[in-house]
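Asks: The structure is given below, and queries will be raised subsequently.
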Amino acid sequence: MNKKTRNLISIRDITRKDLEEMLALGQRIMECPGEYKDVCRGKKLATLFFESSTRTRLSFEAAMIELGGNVLGFSSADSSSAAKGESVSDTVRTVSFYADIIAMRHPKEGAPKAACTRTEVPVINAGDGGHFHPTQTLTDLLTIKTEKGRLGSMVIGLCGDLCFGRTVHSLIEAMSEYPGNEFILISPEELRAPDYIRMILDKSGCSWREVRKMEEVMEDLDVLYMTRVQRERFFNEEDYARLKDTYILDAEKLIPAKPDLCIMHPLPRVNEISVVVDDDPRACYFRQALCGKYIRMALIMTLLGLEKEMRR
Numbered sequence: 017m018n019k020k021t022r023n024l025i026s027i028r029d030i031t032r033k034d035l036e037e038m039l040a041l042g043q044r045i046m047e048c049p050g051e052y053k054d055v056c057r058g059k060k061l062a063t064l065f066f067e068s069s070t071r072t073r074l075s076f077e078a079a080m081i082e083l084g085g086n087v088l089g090f091s092s093a094d095s096s097s098a099a100k101g102e103s104v105s106d107t108v109r110t111v112s113f114y115a116d117i118i119a120m121r122h123p124k125e126g127a128p129k130a131a132c133t134r135t136e137v138p139v140i141n142a143g144d145g146g147h148f149h150p151t152q153t154l155t156d157l158l159t160i161k162t163e164k165g166r167l168g169s170m171v172i173g174l175c176g177d178l179c180f181g182r183t184v185h186s187l188i189e190a191m192s193e194y195p196g197n198e199f200i201l202i203s204p205e206e207l208r209a210p211d212y213i214r215m216i217l218d219k220s221g222c223s224w225r226e227v228r229k230m231e232e233v234m235e236d237l238d239v240l241y242m243t244r245v246q247r248e249r250f251f252n253e254e255d256y257a258r259l260k261d262t263y264i265l266d267a268e269k270l271i272p273a274k275p276d277l278c279i280m281h282p283l284p285r286v287n288e289i290s291v292v293v294d295d296d297p298r299a300c301y302f303r304q305a306l307c308g309k310y311i312r313m314a315l316i317m318t319l320l321g322l323e324k325e326m327r328r
């Protein structure tokens with residue numbers, strides 16, 4: 017973690033050591049949540065969501081409340097002074113006088129990074145356009161660690177929108193640091209992972225390949241990370257309609273899969289996972305959402321320096 021500013025804008029802001037410590041803290045909180053109920057008493061989290069969200073915003077708010085802190089903020093740009101033309105930097109600078117830590121989502125890539133220059137309180141990137149979503153990555157890592165018991169030596173399939181899917185980009189970047197991981201990128205040609213992601217994989221030395229059908233690789237996978245085709249990232253409705261149902265995971269497609277496959281999804285889902293799969297013990301996506309609350313509790317504590325006080 018950047019020790020000087022203690023912000024989290026990209027998963028690259030976290031060292032391997034920091035990451036391991038945060039995941040361990042998340043697991044401790046998961047096991048004994050009552051021990052952390054007063055850690056943030058007197059502290060305030062501001063949730064500045066210039067783009068709509070359900071799980072991420074409520075997960076941050078639940079995390080702070082369960083740590084004994086308070087929450088203030090807004091859930092859309094329309095309900096903030098941005099609707100009056102105020103700049104993001106002015107909003108963030110003002111809010112920093114009222115809160116101890118800020119979680120910010122914005123449709124414009126780089127907005128949270130720019131916000132860091134205008135405030136002395138920690139800023140957490142809760143998603144910036146198609147760029148980064150580091151707290152979802154932390155959620156995903158805690159889920160994989162909890163479900164599989166490890167973060168290396170796995171075959172990881174990522175399926176759906178690999179072009180605009182910021183959760184996929186950040187997860188690949190994080191998991192490529194662990195030895196023995198192999199990545200299979202499953203997408204239509206129009207939604208292939210961008211060049212910089214393929215460059216990251218090449219640089220990491222990880223084995224990876226691209227396929228068009230999940231059925232081709234299902235039996236090989238230890239983790240299957242499904243994503244929705246995001247309507248909000250398309251410039252026209254025709255392209256979205258043509259691609260939105262490219263991949264639908266159902267019970268039949270899971271027949272050749274391993275009995276301990278970990279099926280993940282950052283949510284919300286639309287049609288890409290049949291509701292029948294929800295009853296399969298390999299479906300981890302709702303447990304994944306719960307992991308999001310615990311890892312955000314660990315992150316808030318870490319950025320505020322409160323994890324050190326718990327060790328005393």
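328 is the number that the numbering used here gives the last residue of the sequence shown; the numbers go up by one with no jumps. Glycine included, each C-beta is placed from N, C-alpha and C at the ideal position.
1) Between which residues of its own chain and L277 is the CB-CB distance below 8 Å, once the five residues before and five after are set aside?
2) In this structure, how does DSSP classify N23 when only helix, strand and coil are distinguished?
3) Identify the residues that DSSP records as bridge partners of M280: which are they?
4) Tell me the DSSP secondary structure of K60 in three-state form.
5) Between the beta-carbon of I311 and the beta-carbon of L83, is there less than 8 Å?
6) Along the beta strand (DSSP E) that carries C175, what are the first and last residues, could you check?
7) DSSP has S223 in a bridge; who is on the other side?
8) Express the C-alpha separation of S69 and E231 in angstroms, rounding to a whole number.
9) Quick test of your reading: I25 and F148, contact by CB under 8 Å. State the CB separation rounded to the nearest angstrom.
10) Measure the alpha-carbon distance for D116 versus E36 and round it to whole angstroms.
11) Is the region 274-290 close to the region 155-164, with three or more CB pairs under 8 Å?
12) Taking the continuous alpha helix (DSSP H) assigned at V111, which residues delimit it?
13) For a minimum of 3 consecutive residues, which ranges assigned as the beta strand (DSSP E) are wholly contained in the region 108-141?
14) Counting along the chain, where does the alpha helix (DSSP H) carrying V184 start and finish?
15) If you check the beta carbons only, do D156 and T243 fall under 8 Å apart?
16) Apply the 10 Å Cβ neighbour rule to P282 and answer buried if 16 or more other Cβ atoms are within range, or exposed otherwise.
17) Please list, in chain order, all residues of the same chain as R73 whose beta carbon is under 7 Å from its beta carbon, the five residues on each side excluded.
18) Please state if the CB of L174 and the CB of I202 are separated by a distance shorter than 8 Å.
19) Can you look up L319 in the DSSP assignment and give me helix, strand or coil?
20) For the alpha helix (DSSP H) containing F90, name the first residue and the last one.
21) By Cβ distance, which residues of its chain are closer than 7 Å to A305, with the 5 residues on each side in sequence left out?
Replies: Here's the rundown:
1) L237, D238, V239, L240, L270, R298
2) coil
3) Y241
4) strand
5) no
6) 171-175
7) E198
8) 32 Å
9) 7 Å
10) 25 Å
11) yes
12) 104-111
13) 117-122
14) 182-191
15) no
16) buried
17) T63, F65, S91
18) yes
19) helix
20) Here F90 belongs to no alpha helix (DSSP H); instead the beta strand (DSSP E) covers 86-90.
21) R71, L283
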